[in-house]
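Trainee: Numbering (the numbering used here), first residue to last: 34 to 182. Next up is a structure, given as structure tokens.
Structure (structure tokens):
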């Protein structure tokens with residue numbers, strides 16, 4: 034099995050990068066949609082329903098599949114022989130940041146449900162601040178993998 038991972042390493046790595054880019058695009062855009070939703074839209078209007086549709090499609094149609102692909106291809110890379118030295122710090126910092134990214138993805142899903150149920154309690158400013166979370170996690174992941182500190 035592991036020989037298969039070595040034979041397909043570059044394909045797996047390319048698919049992982051594409052999946053990560055797709056997932057990150059959604060993680061950056063959905064909180065921005067929430068900012069506009071909370072600041073510009075009156076609950077219960079046609080515009081409210083349109084925003085809910087856009088948010089659902091982004092979360093379920095792009096972010097969900099991209100996050101699953103990211104995890105699948107990422108785990109394939111983890112199990113590729115000789116690729117990860119678990120005695121170093123960088124795989125652990127990356128793993129924690131990826132878990133944080135996954136938590137953030139789910140947090141966004143919970144906030145989307147708040148809009149659907151009419152229970153949103155967060156302000157545009159709160160969503161703007163939360164929009165920085167994926168950036169910080171991305172920095173940790175990239176520097177962990179490239180610099181291998």
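In this text, a Cβ means the ideal position worked out from N, Cα and C, and glycines have one as well. Here the structure is a predicted model, which means the values were calculated and not measured.
Which residue marks the beginning of the alpha helix (DSSP H) containing residue 93, and which one marks its end?
Mentor: On the chain shown, residue 93 is found 60 positions in, with the first residue counted as 1. Residue 93 -> no alpha helix (DSSP H), and no H or E assigned at all.
Trainee: Do residue 76 and residue 151 have their CB atoms nearer than 8 Å?
Mentor: Residue 76 sits at position 43 when you count from the first residue of the chain shown. Residue 151 sits at position 118 when you count from the first residue of the chain shown. Going by C-beta atoms, residue 76 is nearer than 8 Å to residue 151.
Trainee: Would you kindly work out how many angstroms separate the C-alpha atoms of residue 59 and residue 92, rounded to a whole number?
Mentor: Residue mapping note: residue 59 aligns to position 26 of the chain shown, counting from 1. Residue mapping note: residue 92 aligns to position 59 of the chain shown, counting from 1. Rounded to the nearest angstrom, the two C-alpha atoms are 7 Å apart.
Trainee: Express the C-alpha separation of residue 102 and residue 82 in angstroms, rounding to a whole number.
Mentor: Working through the chain shown from its first residue, we reach residue 82 at position 49. Working through the chain shown from its first residue, we reach residue 102 at position 69. Rounded to whole angstroms, residue 82 to residue 102 spans 29 Å at the Cα level.
Trainee: Please classify residue 45 as buried or exposed, where buried requires at least 16 neighbouring CB atoms within 10 angstroms.
Mentor: Along the chain shown, read from residue 1 onward, the residue named residue 45 stands at position 12. Residue 45 is buried by the Cβ-count criterion.
Trainee: Pick helix, strand or coil for residue 44, following the three-state DSSP scheme.
Mentor: Counting from 1 along the chain shown, the entry for residue 44 is found at position 11. Three-state DSSP puts residue 44 in a helix.
Trainee: Measuring straight from C-alpha to C-alpha, what distance separates residue 123 and residue 182?
Mentor: Within the chain shown, the letter at position 90 stands for residue 123. Within the chain shown, the letter at position 149 stands for residue 182. Those two C-alpha atoms are separated by around 6 Å.
Trainee: Mapping the DSSP letters down to three states, classify residue 131 as helix, strand or coil.
Mentor: Here residue 131 corresponds to residue number 98 of the chain shown, with the count starting at 1. In the three-state reduction of the DSSP assignment, residue 131 falls in the helix class.
Trainee: Using a Cβ distance threshold of 8 Å, determine whether the region 168–177 contacts the region 108–116, with at least three qualifying pairs required.
Mentor: no
Trainee: Just to confirm before moving on: does the CB-CB distance between residue 144 and residue 67 stay below 8 Å?
Mentor: Looking up residue 144 in the chain shown gives position 111. Looking up residue 67 in the chain shown gives position 34. In contact: residue 144 and residue 67 (Cβ atoms closer than 8 Å).
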